[in-house]
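Numbering (mature numbering (1 follows the signal peptide of the UniProt record, and there is no 0)), first residue to last: -21 to -1, 1 to 894. Positions of the beta carbon are idealized from the N, C-alpha and C atoms, including for glycine. These figures come from a predicted structure and were not determined experimentally. See structure below.
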C-alpha cells in the first residue's frame, strides 16, 4: 500500500504525456498529509494525498514521519506540515491521544446504529424493529423502550493501550443493557458481556473499560422486556471518551452552548443560565430581557406569561402567637414574564393561620411553638405536657410525624435532575400543616426527594427476641397522589441516602392510603420518597400541578426516638422496687399479675404482641409450634381421620426445594418468557428453603449494600425467566423475584382456610376417588398495590402412584400464570410421595382351597393401590386341613346304612301288620 501511495504522491501515474502537460501544479489547498501504516520497526512516512485524485500534479515528496508512539498532549494538535505539536486556538479543544463525543444531534462519523429483533424468522417483527434504534437528544443518546434490540457500535484502532468511558442512566431493569468490546475477529475482549449497573433516579453513573492496542469494536446494546406492564424507561448515554489513539491532527470546536476563552484547552465550559453560544465560541452572549435559557443552551427562548403553575406557597415557622404565615414565591429559576400579556401576579404573602400542635412525643417549650422531645420514661400526644409512664409500663419509642409545621430535624428534602444536574434553589417538599407535599418543580422529570434518617432500632425491653420473625421495627406512612399524567412515587430504603434501593413504586393518581414496610435488620437506615411528575427525558412544565402528599409517617422502635404512649411490661420485684424485665421465649405478659406466663401448646406468639393470653395465637390445622412459640410449622407429616379410618402421610422426600416452569408466555411484541416457581413445601422447622434471584444487574445477587440482596427466600417464590436464545446473551435471565408465601397457615383436606380458597374445580379429580387431596395453605405478608392484604398460595398434594419420586407440579389450565386474580396462586403436586402410608386396611386376604390336607392363605393389595411404604404386605401362610372327600365318604356310608335300616324296619312292620 505504501508503494501505491508513494507512486501517487510523486505523480508517477501512467497518464498520457498530454494530460501531464495540462495538469496544474498542486497548491497547498489541493492536498492533505497522512501517515502510512507503521512498519515492524515502528516507523512510518508522511505523504501528501490530493483531495481529488488526478486534478493536479507535483505533490510534495514523502518524508520520514514521527515515531508511531509519538503523540501530542491535551490542548494540542499535530501540525502535519512540520510534524510538530501546536496549541489549540480559543474556542477549540483537544484531548491529545483521546477522542470525545459530546454532541448527539446526529450520528457521528464511525458509529453504526441498528434496530433488530433476535427472532429473525418473524419477518413482521423484524420490520417493526428497524426503527427501534438509539435516538439523538442533543446532549445525550436515548435507547429504545420497546421489545426490540437497539445496538450502537463504534470501531476504533488504537496505537497504544487505552480506555473507553461514558456516562449513563439506567433506571429500568426491564430493559436489558450491556456494554462489551470485541476485536476485529469478533472475539470478546476482557471477558464476557458486561451488565451495566442500574442507576437510581436521574443520576448519571460512569463506566470505564480498558482497551488493547489494535482494532476495537465497542457495543452498547439494549433489549426491552415489558410483559405489557408499563412503558419502559430508556437507557441514556453521553460523553463517550476513548483514549489511546495515535494523534489528532486538528482541534475540535466547542459545541453550541459551550465556550473556551483560553488557547491550549482540553475542554469547553458550559454557558451559564440565560446565556447562549454558537459552535466554536470564545464567550457566551446574554439573552434579551424577554428571553431565557438553560445552562449550556445554543439559543434563547421567549419567556411565556406567568401563570398559577409558576409559583408556590410555603409556611413560615410558628411565631410566638402560635401562627404561621403563608408565603408565595416564584419557582426558581424563573422562566416566565410578569409583564407579558395575560400574565398573573404573585399573590400577596403574609396571611396568618393557626399552627398545628407538636408531634406525638414532643412538647411545646415555654408556651411557644418550639417543640422539644419528652425525656426517656415520659410520653406525650403533642398537645399536652410530658407525662411519666405509669408503673407496670414502659415507653414505646419511635417517631410519629402527623403535624407539619416545620420539617423534623432528622428529615430533609431536595430536588435532583440528572439531566440538568440541579434544580436551582428549589426544595423537594414543602410543609403544609396537616401534610407535607411535593414542591412545584421547574421541570416534570425532576425528582423531588424527601429523606429521613434513623440511627438504628431497639425493641422495648420487655419485647421477646424472635429469630424466626426478625422484625426489629416498621415504618408506616399515609399518602395520596394527584396526577394528570403517568407520575411516579418511589419509596426507597438503604443504609445511606446514597445507596438506597426501590422497594415500592406507585404510578398515576392514588387515593389516600397506607403503606407499611417491615424492617428486619438492626442498622442505621435512610428512607426516601422520590416523586417524579413525568419520566420523559424532555424538560417539560406541563405537569407542575401534579402533587404527592404524605399525611403521616410512623417509625417504631427507633433508637433515640420519643414516646407517644407507654406499653405494658412484665414486672420483677427487687430490693429497690419493681422493674420491667423481658419474658423468656414462648411467654406472654399476664394482664392481671403482670408476670410472664407460658403460652399453651399448639400456639405461637404474635410478633411484637405479647400482652395478654390472646397474644398466643392457635396454630393452624396440621401444624405445631416450635420450641420458642415464635411460629407454627409442619414437619412434612399429616394425619387424616374419617369415620373409623385413619390415614398417615409422610412428605419428607418432597421437602427439598422443587421448581416448576410455566408454559411460554409472550409479550405484546412476541418476546417469549416463562414464570418460574420455586417451592419449599415444609421448610426446616419454619425456615424457608425456596429462593429466587435477580441476575440482570451487574453485581448479580448482591447490591452495593451488604445484606441488601436482590433475592427472595420463602416457602414459594416466583421469578421471570427469559431464555438465552431470546436475549442473545450467554445465560438465562432471571428477574423480578416475588415472595408468594412466607407463612404457613395450615395443612388440611378442606378447601378453605382463613379466607383462602383452594377451588377444587381448578384441578378436577375422578368422581369415584375416595382419597382426598392434602392442601398446604400459605400467606405472604408483603402487601402490594393490587394485593392489599398480601398474596396467598395453595399447594394441593394428590396421590398418584404412577408419578414416582418428586412427581409433577402443574398450575391451573385456565390460569396458566398460576393465579386467576393476581393475588392467590394455586399448584397441584401429583406424586406417589403424596400417598398415605400403607396400613392393614389397604390389603385384603385370599384363603386357598384345602388340597391334600394343606391350605394356603395369601394377602393382596387393594386395587388401585393408593399407599406407600408403611405396613408391609404379610407373607403367605400354610395350614393343615381335612379335605371334603373324607366327609363325603362318611356321609355316603352313613346315608346308606340309614336307608338299609329304614327298609328293613318298614318290611318288618309291614309283615307284622299282615299277620
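List the DSSP bridge partners of residue 307.
-> 292
Would the beta-carbon of residue 213 fall within 8 Å of that of residue 338?
-> Taking C-beta atoms as the reference points, residue 213 and residue 338 fail to come closer than 8 Å.
Straight-line gap, residue 701 to residue 658 (C-alpha atoms, nearest Å) | 20 Å
Locate the beta strand (DSSP E) running through residue 895, then write down its first and last residues.
-> Summary: the structure shown does not reach residue 895, with the chain confined to residues -21 through 894, and so no result is reported for it.
Note down, in chain order, each residue of its chain lying with its Cβ closer than 7 Å to the Cβ of residue 551, except the 5 sequence neighbours on either side.
-> 557, 558 and 560
Which same chain residues, not among the five before or five after residue 53, have their C-beta less than 7 Å away from its C-beta?
-> Here the set comprises 73, 74, 75 and 245.
How would you label residue 148, buried or exposed, when you count the other beta carbons within 10 angstroms and need 16 or more for buried?
-> buried
Please go through the same chain and pick out, in chain order, the residues whose beta-carbon is closer than 8 Å to the beta-carbon of residue 230, but skip the five residues on each side of it.
-> 56, 67, 68, 71, 72 and 73
Among residues of its own chain, excluding the 5 on either side of residue 601, which ones have a beta-carbon nearer than 7 Å to its beta-carbon?
-> 613, 617, 725, 726 and 727
In terms of residue numbering, what span does the beta strand (DSSP E) encompassing residue 693 cover?
-> Counting along the chain, the beta strand (DSSP E) containing residue 693 begins and ends at 690 to 693.
Do the CB positions of residue 317 and residue 285 come within less than 8 Å of each other?
-> Yes; because the gap between Cβ atoms is below 8 Å, this pair is in contact.
Answer with buried or exposed for residue 645, where buried requires no fewer than 16 other C-beta atoms within 10 angstroms of its C-beta.
-> exposed
Residue 149 in three-state terms, based on DSSP = coil
Just to confirm, are residue 5 and residue 44 a CB contact at a threshold of 8 Å?
-> no
Residues of its chain near residue 856, where Cβ-Cβ distance is below 8 Å and the 5 sequence neighbours each way are ignored | Answer for residue 856: 835 and 836, listed in chain order.
Let me know the beta strand (DSSP E) ranges lying completely inside the segment 589 to 652, each 3 residues or longer, listed in chain order.
-> 595 to 597, 616 to 621, 624 to 629 and 637 to 640
Give a yes or no on whether the minimum CB-CB distance between residue 331 and chain D is below 8 Å.
-> This model lacks chain D altogether; it includes just one protein chain.
Report whether the distance from the Cβ of residue 586 to the nearest heavy atom of the ligand FAD is below 7 Å.
-> Although the ligand FAD was asked about, the structure shown includes no ligands whatsoever.
Where DSSP assigns a beta bridge to residue 215, which residues make up the other side?
-> 121 and 148
As assigned by DSSP and simplified to three states, the class of residue -17 = Because the pLDDT of residue -17 is 38, which lies under 50, any placement of that residue in the model is unreliable, and the number read from its coordinates should be weighed accordingly. Helix, per DSSP.
Terminal residues of the beta strand (DSSP E) in which residue 907 lies | Look at the range of the chain in this structure, -21 to 894, and you will see that residue 907 is not part of it.
Classify residue 889 as helix, strand or coil using the three-state DSSP reduction.
-> helix
Test item: CB-CB of residue 413 and residue 382 under 8 Å = Against a cut-off of 8 Å, the Cβ pair of residue 382 and residue 413 comes out as a contact.
Write down the C-beta distance between residue 352 and residue 340 rounded to the nearest angstrom, noting that I regard them as a contact closer than 8 Å.
-> Under the criterion of beta carbons closer than 8 Å, residue 352 and residue 340 qualify as touching, at roughly 6 Å.
Residues near residue 772 by beta carbon distance below 6 Å, same chain, minus five either side = 695, 719, 720, 757 and 804
Chain-order list of residues whose beta-carbon lies under 6 Å from that of residue 393 (same chain, five-residue window excluded) = 407 and 428
Going by beta carbon distance, what residues of the same chain come within less than 7 Å of residue 436, once the five residues before and after it are set aside?
-> 451, 452, 498, 501, 536, 537 and 538
Within 10 angstroms of its Cβ, does residue 110 collect 16 or more other Cβ (buried), or is it exposed?
-> When all chains shown are included, residue 110 counts as exposed.
Helix, strand or coil at residue 844 [DSSP, three-state] | DSSP places residue 844 in coil when its eight states are reduced to three.
How about residue 503 and residue 434: do their beta carbons lie closer than 8 Å?
-> yes
Does the segment 809 to 829 come within contact of the segment 779 to 791, defined as at least 3 CB pairs closer than 8 Å?
-> Short answer: they touch.
Within the chosen definition, does the segment 293 to 309 reach the segment 263 to 281 through at least 3 CB pairs nearer than 8 Å?
-> With a cut-off of 8 Å, the segment 263 to 281 and the segment 293 to 309 do not count as touching, because too few Cβ pairs lie within range.
Inter-residue Cα distance where the pair is residue 482 and residue 176 = Approximately 17 Å between the Cα atoms of the pair.
Bridge partners - residue 333, DSSP secondary structure assignment | For residue 333, the beta-bridge partners assigned by DSSP are 302.
Contact between the segment 462 to 469 and the segment 525 to 532: three or more CB pairs below 8 Å?
-> Yes, the segment 462 to 469 is in contact with the segment 525 to 532.
Does DSSP classify residue 878 as helix, strand or coil?
-> helix
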